[in-house]
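Below is one structure; the comments refer to it alone.
Protein chains: 2
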Amino acid sequence: MATLLQQSFSVSYSYPVAFTEHLFASTQTLFVDIFPKGQPARLFFVLDEGVVAHHPGLISQIKTYVASHSSRLALVAEPMVVVGGEACKNQTEAYQQVVEATHIHGIDRHSYLVALGGGAVLDMVGFAAAISHRGIRLIRVPTTVLSQNDSGVGVKNSINAFGKKNYLGTFTPPFAVLNDFAFLQTLEERDWRSGISEAIKVALIKDLNFFEWLEQHAAALARREMEPMKEHVIRSAEHHMAHIASKDPFEFGSSRPLDFGHWAAHKLEKLSQFRIRHGEAVAIGIALDSAYSFLQGRIQEADLHRIFNLFHALGLSLYVPELQEEALLQGLKEFQEHLGGTLTIMLLEGLGRGVEVHEMDQELILKALQVLKSWENTPIFSKN
Amino acid sequence: MATLLQQSFSVSYSYPVAFTEHLFASTQTLFVDIFPKGQPARLFFVLDEGVVAHHPGLISQIKTYVASHSSRLALVAEPMVVVGGEACKNQTEAYQQVVEATHIHGIDRHSYLVALGGGAVLDMVGFAAAISHRGIRLIRVPTTVLSQNDSGVGVKNSINAFGKKNYLGTFTPPFAVLNDFAFLQTLEERDWRSGISEAIKVALIKDLNFFEWLEQHAAALARREMEPMKEHVIRSAEHHMAHIASKDPFEFGSSRPLDFGHWAAHKLEKLSQFRIRHGEAVAIGIALDSAYSFLQGRIQEADLHRIFNLFHALGLSLYVPELQEEALLQGLKEFQEHLGGTLTIMLLEGLGRGVEVHEMDQELILKALQVLKSWENTPIFSKN
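Residue numbers (the numbering used here), protein chains in the order written: chain E, 246 to 629; chain R, 246 to 629.
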């Protein structure tokens, strides 16, 4: 009685992820070379206020760069500067301003939005690009450790709504990701250090060699040496890219992004009203789930010490007063709801080896919390 | 000096497109059978006000259906009724109401929004679903000829903004499309007839056999006989599905949707302030580009007569006073801008054979317009 058809197709994506320095220097051709030949690429830049403050010459440098490649590039309007950090995802004004600019300046599906800044600005501009004209091409220029070694190479965008992080967003791959290491040099100390948490995360669940490399270079990273910073960014970005490409890029099924330690981290960010930054919260979340893995007999005590010591060498705390027992358990419940009912949590089976579990013991979580607290107050283990 | 990586992956989509009658009748299992086994599927219905007005028992029928399959289905809240037609895409209230409902009722990525109504309601609810939680699963139940034979089987959603049609939207395939023919019986005469334009469109550019079938069944379709209506819906939907799956579903490149006749139709809808409905405008747009194809020597005069006669047999006008010369040429210019600079227009090389061209002669467009006008005023050709 019913006629039943099945529609099936695949959509292919391919985009460059480049790592360089001084992207808009007059001698650089990386930027201009990503565009197809033909009519000049029509560009609209949206820049993170914080980055512009630290690089006052940036806007004029971009204009000079575009002008010197006028047969290939054109600005549709003056670059727009938006507030950075979580504020740009909380205020609907910033997002609406970008959407409105696409309308006012006639930025169509064959034009390009260039988002330059930290992860929050990339998320917000990415969302505006994804829904205007059903998708304007997006070029991301991540400027922080966190956005270069993790989120900036990914396929998500978002803004916050109803007090919920990332409530509105899409899975939309960018046209290109161009990481510029030079921006890392003007980062605040906290942002430089805490961003490394996301690299420790992938190392712990995927790559023992990388974990050992991070141990060896922790002191140099803490001293803000550029060479290990660059290498760590590229290695971490490669892991995140491989994970996305490997099975379920748009997370249709139950597959998860690389979110070891993130269930507690998300809760902690909120509990601290974002006093604690994402990377700092991730360090604590990783330490917690590592301690839990140890208490379940999944990893050795010596391995746990190595994890704690690595964070310590980078100057990252593993316990903060906001981490109250009840709130933490509530965070686990919220995470389960967010996943649609079935809990999936990454734990460790060894250094460099993650394993997914579908339940957590509340008593053991609280014991793991005590391990962090006592280690932070009375370092039982050697801290170097 | 730069490190250059390339990220590449494909995303696969597969969804059922079903055609049936009385989807929520107690004996029907099509609806309940589309959900994976396991926990009951959490559903939130959004219904078109116009459909509810014609089918006052619909909401209670849906509730009874869900209740009788309570091990497989659950309503997260009372069905929501929204205004139908273009109004629901123009008012941001309707869209915001749906987004807010997903927040209030905890509708997550593993829950389902069921949108039931005409193309505009499907577009609006589809957009809300696509961006909430980065994508809630969407089930479309198209209730009009136009949405069943064309837009409802597709991958787009949208709302209007800045006075521009479909300014905000995404390409997001649905979870399922369930067409219910019973809803067609309560359509207004104009909506029944004009929706057939989209089938004539695909027939003319792709399928001579289907065109001849439409000629043979035009009188029965005009008399509102259900059997040819059903067959025409399925054949047209199949063509639209095949086109989407065949090359570039999300229109990243320069490939176009099946939009023969649509450049003039879009302009005409706006000029008439939506007095003229989409299908009616498409009929005129097709007639115009067919006359243009004839004037360019691409099709025979006899073929043009057959096209005009088919529209006439369905009671569709081929000329309206809103179709002013200057406004029409302005519409071509706007369409070119919309495409990002390079014009691509579908013309006919014969009945059932479309061809893309990249320029149009303004003088010839105006001559084609005169052909429509004089045919409508003084039928030179036999109208049966």
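All C-beta atoms, glycine included, are put in the ideal place defined by N, C-alpha and C.
{"Query": "Near-chain E residues of the stretch 341 to 355 of chain R - C-beta to any C-beta below 8 Å", "Result": "Val-344, Glu-345, His-348, Gly-351, Asp-353, Arg-354 and His-355"}
{"Query": "Cβ shell of Gly-560(R) (< 7 Å), same chain only, five flanking positions each side left out", "Result": "Arg-438 and Ala-467"}
{"Query": "CB contact below 7 Å: Leu-292(E) versus chain R", "Result": "no"}
{"Query": "Proximal residues of chain R, C-beta to C-beta of Met-474(E) below 8 Å", "Result": "Those do not exist, as Met-474(E) stays about 13 Å from chain R at its closest Cβ, beyond 8 Å."}
{"Query": "Gln-306(E) at chain R interface by Cβ criterion, 7 Å", "Result": "no"}
{"Query": "Helix, strand or coil at Ile-404(E) [DSSP, three-state]", "Result": "strand"}
{"Query": "Opposing strand residues paired with Glu-472(E) [DSSP bridges]", "Result": "Per DSSP, none; premise fails for Glu-472(E)."}
{"Query": "Cβ separation of Leu-573(E) and Lys-512(E), assumed to be a contact under 8 Å, to the nearest whole Å", "Result": "6 Å"}
{"Query": "Classification of Met-474(E) by the beta-carbon crowding that lies within 10 angstroms, buried from 16 upward", "Result": "buried"}
{"Query": "Separation of Glu-546(R) from Gln-615(R), as counted between CA atoms", "Result": "15 Å"}
{"Query": "Distance between Met-591(R) and Tyr-537(R) (C-alpha atoms, nearest Å)", "Result": "11 Å"}
{"Query": "Backbone CA spacing between Phe-626(E) and Lys-308(E) [nearest angstrom]", "Result": "Low confidence applies to Phe-626(E): its pLDDT is 49, below 50, so where it sits in the model is not reliable, and the reading given next is rough at best. Phe-626(E) and Lys-308(E): Cα-Cα distance of roughly 54 Å."}
{"Query": "Complete runs of the alpha helix (DSSP H) confined to the stretch 474 to 542 of chain E [at least 4 residues]", "Result": "507 to 516 and 523 to 540"}
{"Query": "Cut-off 8 Å between Cβ atoms - residues of its own chain near Ala-463(E), not counting five sequence neighbours on either side", "Result": "Leu-555, Ala-558 and Leu-559"}
{"Query": "Beta carbon proximity, Met-200(E) to chain R, threshold 7 Å", "Result": "Only positions 246 to 629 of chain E appear in this structure, which leaves residue 200(E) out of reach."}
{"Query": "Neighbourhood of Lys-628(R) by C-beta, 7 Å cutoff - its chain only, sequence neighbours within 5 removed", "Result": "Because Lys-628(R) sits at a pLDDT of 43, beneath the cut-off of 50, its placement in the model cannot be relied upon, and the point is left open."}
{"Query": "Closer than 7 Å to chain E by CB, Arg-317(R)", "Result": "no"}
{"Query": "Within-7 Å CB hit, Pro-387(E) to chain R", "Result": "no"}
{"Query": "Helix, strand or coil at Met-591(R) [DSSP, three-state]", "Result": "strand"}
{"Query": "Length-filtered (3 minimum) beta strand (DSSP E) runs lying within the stretch 250 to 320 of chain E", "Result": "286 to 293 and 318 to 320"}
{"Query": "Bridge partner(s) assigned by DSSP for Ile-384(E)", "Result": "Val-359(E) and Ala-421(E)"}
{"Query": "Which listed residue (Phe-495(E), Gly-576(E), Arg-501(E) and Ala-444(E)) has its alpha carbon closest to that of Ala-375(R)", "Result": "Phe-495(E)"}
{"Query": "Burial state of Glu-594(E), where buried means 16 or more other Cβ atoms lie within 10 Å", "Result": "exposed"}
{"Query": "Counted within 10 angstroms of its Cβ, other Cβ atoms place Asp-630(E) as buried (16 or more) or exposed", "Result": "Within the shown structure, residues of chain E are numbered from 246 to 629, placing residue 630(E) beyond reach of any answer."}
{"Query": "Beta-bridge partners of Phe-416(R), as assigned by DSSP", "Result": "Lys-401(R)"}
{"Query": "Closest Cα partner of Leu-563(E) within the set Thr-587(E), Arg-543(E), Val-527(E) and Arg-598(E)", "Result": "Val-527(E)"}
{"Query": "Contacts that His-583(R) makes with chain E (C-beta to C-beta distance below 8 Å)", "Result": "Asp-353"}
{"Query": "Exposure label - Thr-272(E); buried when at least 16 CB within 10 Å", "Result": "exposed"}
{"Query": "Minimum C-alpha distance to Thr-417(R) - residue among Asp-353(E), Val-256(E), Gln-251(E) and Trp-620(E)", "Result": "Val-256(E)"}
{"Query": "C-alpha gap between Leu-432(E) and Glu-323(E), whole angstroms", "Result": "25 Å"}
{"Query": "CB contact check: Gln-252(R) to chain E, cutoff 7 Å", "Result": "yes"}
{"Query": "Close-in-space but distant-in-sequence residues of the same chain around Ser-442(R) (CB under 6 Å, 5 per side omitted)", "Result": "Gly-524, Val-527 and Ala-528"}
{"Query": "Proximal residues, the stretch 252 to 277 of chain R versus chain E, C-beta separation under 8 Å", "Result": "Gln-252, Ser-253, Phe-254, Ser-255, Val-256, Ser-257, Tyr-258, Ser-259, Tyr-260, Pro-261, Val-262, Ala-263, Phe-264, Thr-265, Glu-266 and Leu-275"}
{"Query": "Three-state secondary structure assigned by DSSP to Val-328(E)", "Result": "coil"}
{"Query": "Inter-residue spacing [alpha-carbon to alpha-carbon] between Gly-597(E) and Lys-578(R)", "Result": "58 Å"}
{"Query": "Closest residue to Ser-315(R) among Ile-479(R), Asp-548(R), Met-369(R) and Gly-283(R) (Cα-Cα distance)", "Result": "Gly-283(R)"}
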